[in-house]
Amino acid sequence: ERAGCSLAETITAEQLREWKAQYPGAVVVSYVNTTAAVKAETDICCTSSNAVEVVASIPIDTPILFCPDQFLGAHVQRQTKRSNMHIWMGECHVHAGINGQDLKAMVEAEPDAELYVHPECGCATSALYLASEGVVPAERTHILSTGAMLEAARTTKARKVLVATETGMLHQLRKINVTTEFQAVNRAAVCKYMKMITPEKLEHSLMYGNDVVDIPRDIADKARLSVERMIAIGTPSRVGE
1375 ERAGCSLAET
1385 ITAEQLREWK
1395 AQYPGAVVVS
1405 YVNTTAAVKA
1415 ETDICCTSSN
1425 AVEVVASIPI
1435 DTPILFCPDQ
1445 FLGAHVQRQT
1455 KRSNMHIWMG
1465 ECHVHAGING
1475 QDLKAMVEAE
1485 PDAELYVHPE
1495 CGCATSALYL
1505 ASEGVVPAER
1515 THILSTGAML
1525 EAARTTKARK
1535 VLVATETGML
1545 HQLRKINVTT
1555 EFQAVNRAAV
1565 CKYMKMITPE
1575 KLEHSLMYGN
1585 DVVDIPRDIA
1595 DKARLSVERM
1605 IAIGTPSRVG
1615 E
């Protein structure tokens, strides 16, 4: 079995072309967790940390096609209040699996904890609802990209933080802050594809030139343009954000 990405697999270049044909003149914003072929059909790429900034840079009267993550798209739409933003119904199976019931149970069990929720999570809306209902204080509820979680962890004084994202993130958070207890909202939120990539396999590939990915020149050039447009909008994110 080879590593893949459940989110990237939710949309193909052909599907994106068909979607674009339904909305002539719309600007396509694609999350970086997409294939090169999809990026080649994209106007601007985005990460979870700059998605709001990217969408906000597009004229307000211009329709937007946002893909492929429906939960990140919903988060961006809430933040920008765009009524002309169309969202593809894709999802990361790991983040989608962190649901509102898991979140509510953890918050009730740890009422004094802070809450970090990645915008790809299916429970992001639930987190905002719980905050609005006073189940968890709004000032302790944070919808954060991967990079923003790391920044928040550096300065938090909380005794415990509940984290809604892929569990591999806990290692980095614990390295940054050894005094705060970071706990997964769902311990089963593990990406098997990410865990297939090990330092040993990476070293082997670099030493022996294995697992080379060849991308046709025309697709690579178009895909690169969508990334360069993102970079031109603002400071690029750290890898993994």
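Under the working numbering, think of the first position of the sequence shown as 1375, with each following residue one higher.
Idealized CB from N, CA, C, for every residue including glycine.
In this text, all values refer to a predicted model and were calculated from it rather than measured experimentally.
Is residue i helix, strand or coil by DSSP?
| i | result |
| --- | --- |
| K1534 | strand |
| V1412 | helix |
| L1381 | coil |
| Y1405 | strand |
| H1492 | coil |
| T1454 | helix |
| T1541 | coil |
| D1443 | strand |
| A1558 | strand |
| G1474 | helix |
| G1521 | helix |
| I1418 | strand |
| T1529 | helix |
| T1499 | helix |
Tell me whether residue i is buried or exposed, calling it buried when 16 or more other Cβ atoms sit within 10 Å of its Cβ.
| i | result |
| --- | --- |
| P1398 | exposed |
| A1425 | buried |
| Y1582 | exposed |
| H1545 | exposed |
| H1469 | buried |
| T1355 | Any answer about residue 1355 is impossible in this case: the structure gives the chain only from 1375 up to 1615. |
| S1579 | exposed |
| L1536 | buried |
| A1498 | buried |
Could you round the C-beta distance between residue i and residue j to whole angstroms and report it? I think they count as a contact, below 8 angstroms.
| i | j | result |
| --- | --- | --- |
| V1481 | L1504 | 6 angstroms |
| A1527 | I1550 | 5 angstroms |
| T1572 | A1558 | No, T1572 and A1558 are not in contact; Cβ-Cβ is about 21 angstroms, not under 8 angstroms. |
Taking just the CA atoms, how far does residue j sit from residue i?
| i | j | result |
| --- | --- | --- |
| T1539 | T1454 | 23 angstroms |
| K1531 | E1602 | 38 angstroms |
| E1375 | I1434 | 44 angstroms |
| H1449 | R1533 | 27 angstroms |
| T1554 | A1387 | 43 angstroms |
| M1568 | A1377 | 7 angstroms |
| A1410 | A1594 | 7 angstroms |
| F1445 | N1560 | 17 angstroms |
| H1467 | C1420 | 20 angstroms |
Measure from the alpha carbon of residue i to the alpha carbon of each residue in the options, then state which is nearest.
| i | options | result |
| --- | --- | --- |
| A1563 | D1476, V1429 and I1434 | D1476 |
| A1414 | I1589, I1605 and R1561 | I1589 |
| L1547 | Y1490, V1402 and T1421 | Y1490 |
| Q1389 | E1427, S1457 and W1462 | W1462 |
| G1464 | F1556, L1381 and H1578 | L1381 |
| A1483 | L1502, V1509 and I1472 | V1509 |
| I1385 | S1600, N1458, L1439 and K1566 | L1439 |
| V1402 | C1466, K1596, D1417 and R1514 | D1417 |
| M1459 | G1474, M1570 and S1404 | S1404 |
| D1443 | D1592, V1406 and S1457 | V1406 |
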